[in-house]
Amino acid sequence: MPRAAISACVIKAASITPGDTVLITAAAGSLGSQLVQQARAAGAGTVIGAAHGKQKLEVITQLGADLAIDYSEDDWVAQIHKVTDGKGADLVLDGVGGSIGYQAFEAAARDSGRLGVYGFSSGSWTKIETRILAAHGVTIFAPLTIAFARPPEEARIDAETALAEAASGRLKALIGPTYPLAQAAKAHAAIEARQTTGKVMLIP
Numbered sequence: 001m002p003r004a005a006i007s008a009c010v011i012k013a014a015s016i017t018p019g020d021t022v023l024i025t026a027a028a029g030s031l032g033s034q035l036v037q038q039a040r041a042a043g044a045g046t047v048i049g050a051a052h053g054k055q056k057l058e059v060i061t062q063l064g065a066d067l068a069i070d071y072s073e074d075d076w077v078a079q080i081h082k083v084t085d086g087k088g089a090d091l092v093l094d095g096v097g098g099s100i101g102y103q104a105f106e107a108a109a110r111d112s113g114r115l116g117v118y119g120f121s122s123g124s125w126t127k128i129e130t131r132i133l134a135a136h137g138v139t140i141f142a143p144l145t146i147a148f149a150r151p152p153e154e155a156r157i158d159a160e161t162a163l164a165e166a167a168s169g170r171l172k173a174l175i176g177p178t179y180p181l182a183q184a185a186k187a188h189a190a191i192e193a194r195q196t197t198g199k200v201m202l203i204p
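The UniProt record's numbering applies: residue 1 is where the sequence shown begins, and numbers increase by one.
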């Protein structure tokens, strides 16, 4: 399934309420970049994209995010609480996992926030103790699991809508670096090192 269609299903599963503050990690990646754009289209009031490095932050801003934050900075969670007047994000979509995923959880609004886990580019899932989860009152869900469990007809309609948006230019595909097929190992190494933006292409 094309990334635009997958991200559309994720956004639908996330049930964005108009005016929500939405935080998306790995926001310069192939899926995260789509989520930034589609969160805005779904009615989010403020879209915050998080990634590592100046180049990725520039990409996130160009995609239409209101704020781009570097999650390698020690105070990045505090920055989110500051711009939300201490509340935190209504919805967090995390594609990193590990320690960054845990920090993203801490950026969610207490008692009402939602954390949707859509990936783990760090190589590990985020671990959250149930007592901490209960204390924060944050709901955790798996948007991809919800998306793929939907009736095929619903998924097809969402996919067609997303692809039409892409064809019209309203939804932009973020194409990253390209590599000759013979350099596939180099491409995979760059992805694993989280050095790329968008969709990495292999050219036959």
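All residues carry an ideal CB built from backbone N, CA and C; glycine is no exception. On a predicted model such as this, the values are computed, not experimentally measured, just so you know.
How long is the line joining the alpha carbons of residue 171 and residue 84, rounded to whole angstroms?
If you take the alpha carbons of residue 171 and residue 84, they lie about 27 Å apart.
Using CA atoms only, rank isn't needed, just tell me which of 25, 135, 46, 131 is closest to residue 98.
The candidate whose alpha carbon is nearest that of residue 98 is 25.
Should residue 16 and residue 10 be called a contact, given that it needs their Cβ atoms to be closer than 8 Å?
Cβ atoms of residue 16 and residue 10: not closer than 8 Å.
Could you tell me which residues DSSP pairs with residue 114 in its beta bridges?
DSSP lists 91, 139 as partners of residue 114.
May I have a chain-ordered list of the alpha helix (DSSP H) segments no shorter than 4 residues that lie completely inside the region 126-180?
Qualifying alpha helix (DSSP H) stretches, in chain order: 130-136, 143-148, 152-168.
Is residue 28 helix, strand or coil when you go by DSSP?
In the structure shown, residue 28 sits in coil (DSSP, three-state: anything other than H, G, I, E or B).
Indicate the three-state DSSP secondary structure (helix, strand or coil) for residue 101 in the structure shown.
Residue 101 falls in the helix class under three-state DSSP.
Does the beta-carbon of residue 167 have 16 or more other beta-carbons within 10 angstroms, so that it is buried, or is it exposed?
Exposed, since its Cβ has fewer than 16 Cβ neighbours within 10 Å.
What are the start and end residues of each continuous alpha helix (DSSP H) run of 4 or more residues lying completely inside the region 36-97, in chain order?
As far as the region 36-97 is concerned, its whole alpha helix (DSSP H) runs of at least 4 residues are 54-62, 76-83.
Cα-Cα, which of 49, 41, 109 is closest to residue 12?
Among 49, 41, 109, the Cα nearest to that of residue 12 belongs to 41.
Report yes if the CB atom of residue 144 is closer than 8 Å to the CB atom of residue 102, and no otherwise.
Against a cut-off of 8 Å, the Cβ pair of residue 102 and residue 144 comes out as no contact.
In whole angstroms, what separates the C-alpha of residue 104 from that of residue 77?
Straight-line Cα distance between these residues: approximately 7 Å.
Pick out whichever of 125, 176, 137, 51 has its Cα sitting closest to the Cα of residue 112.
Considering only alpha carbons, the answer is 137.
Whose C-alpha, out of 124, 92, 182, is nearest the C-alpha of residue 192?
Nearest option by C-alpha distance: 124.
Would you kindly check if the distance between the Cβ of residue 71 and the Cβ of residue 89 is under 8 Å?
Not a contact, by the Cβ cut-off of 8 Å.
Around the C-beta of residue 95, are 16 or more other C-beta atoms found within 10 angstroms, so that it is buried, or is it exposed?
Buried.
Considering only the alpha carbon of each residue, which of 196, 189, 153, 183 lies closest to residue 202?
When only C-alpha atoms are compared, the closest one is 183.
Measuring CA to CA, which of 121, 6, 109 is closest to residue 92?
The shortest Cα separation from residue 92 among 121, 6, 109 belongs to 109.
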